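Numbering (the numbering used here), first residue to last: 119 to 340.
If you want it as C-alpha cells, here you go:
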C-alpha cells in the first residue's frame with residue numbers, strides 16, 4: 119500500500135516534536151547552571167532564565183555571572199559553549215517559525231517524489247528543512263547539554279578546588295546548520311579549464327606549433 123502524503127508529513131512532525139523536546143532539555147540544563155551560580159532553588163532560576171528571552175542576551179548574562187564567581191577563569195569555557203548555543207538557536211528559531219513547505223524531486227522515469235519540509239515564509243535563500251535534517255539537531259542538543267553539565271559540576275566543586283587556568287574545552291562544530299540554496303549558476307556544470315596558449319605567454323613556439331601555423335596560413339591564402 120503506498121504511503122500517503124499525510125503519513126509522510128507525520129514523520130516530519132515527529133522529528134520536529136523530538137527536536138523541540140531536545141532543545142527544551144538544553145534550556146533546563148542552563149537553568150540548573152544558573153541555579154548553581156546564584157545558589158538559589160530551581161524554580162527561581164527558571165524565572166530568571168525565562169525572563170531573558172533573547173538568546174544572545176541570555177548568554178551575556180551567564181558570562182557576567184560566571185566572571186563574578188570564577189574571577190574570569192571560566193570566560194573561555196563559556197565563550198565556546200555560548201557560540202555553539204547561538205547556532206543551535208538559529209536552527210531552533212527556523213524550526214519554530216518556518217511554515218509547512220513541500221519539496222518536489224524528479225526521480226527515474228520522470229517520476230516526482232514529494233518531501234514535506236519547513237520553509238521560510240519569505241524567500242531568504244535558505245534551504246527548507248526536511249525530516250532528515252533534524253537528527254543532527256537532536257544530537258547537537260545532547261552534546262552541548264553534556265558540556266553544560268560539566269560546567270555545572272565545575273561550579274559546584276567550589277572556587278578553592280579550581281586551577282588557576284582551565285584548559286579550554288574541545289567544543290566541536292554544530293552539525294545542524296541552516297544551509298543556503300544553490301543558485302542556478304552553481305548548479306550548471308563547470309567548463310573544463312582551457313589549455314594555456316604558449317604563444318600568448320611570449321614563449322618560443324615549438325616545431326609542431328610552427329608547422330601548424332604554416333599550414334593554417336597556407337589554407338587561408340587566396
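The C-beta atom is built at its ideal place from N, Cα and C for all residues, glycine as well.
Quantities reported herein were computed from a predicted structural model and do not represent experimental measurements.
Determine the DSSP secondary structure at residue i, reduced to helix, strand or coil.
i, result
"residue 216", "coil"
"residue 66", "One cannot answer for residue 66 here, as it falls past the ends of the chain, which runs 119 to 340."
"residue 333", "helix"
"residue 134", "helix"
"residue 203", "helix"
"residue 155", "helix"
"residue 69", "Past the edges of the chain, shown from 119 to 340, lies residue 69, and the structure says nothing about it."
"residue 276", "coil"
To which residues does DSSP link residue i through a beta bridge?
i, result
"residue 247", "236"
"residue 231", "223"
"residue 298", "244"
Of the choices the options, whose alpha-carbon is the least far from that of residue i?
i, options, result
"residue 247", "333, 297, 146, 327", "297"
"residue 189", "167, 276, 260, 251", "276"
"residue 194", "187, 181, 171", "181"
"residue 129", "261, 183, 251", "251"
"residue 142", "269, 285, 263", "263"
"residue 249", "131, 183, 207", "131"
"residue 134", "216, 232, 287", "216"
Please report how far the alpha carbon of residue i lies from the alpha carbon of residue j, in whole angstroms.
i, j, result
"residue 176", "residue 202", "14 Å"
"residue 316", "residue 299", "Legend: pLDDT at residue 316 = 47, less than 50; position of this residue unreliable, no value from coordinates given."
"residue 139", "residue 230", "33 Å"
"residue 213", "residue 168", "19 Å"
"residue 199", "residue 258", "12 Å"
Which same chain residues end up closer than 6 Å to residue i when comparing Cβ atoms and leaving out the 5 residues on each side of it in sequence?
i, result
"residue 255", "137, 209, 294"
"residue 163", "149, 152, 153"
"residue 245", "297, 299"
"residue 127", "234"
For a cutoff of 8 Å on Cβ pairs, would you count residue i as touching chain C?
i, result
"residue 175", "Protein chain content of the structure displayed is limited to a single chain, and chain C is not contained in it."
Ignore the nearest five residues each way along the sequence and tell me which others in residue i's own chain have a CB closer than 7 Å to its CB.
i, result
"residue 205", "292, 295"
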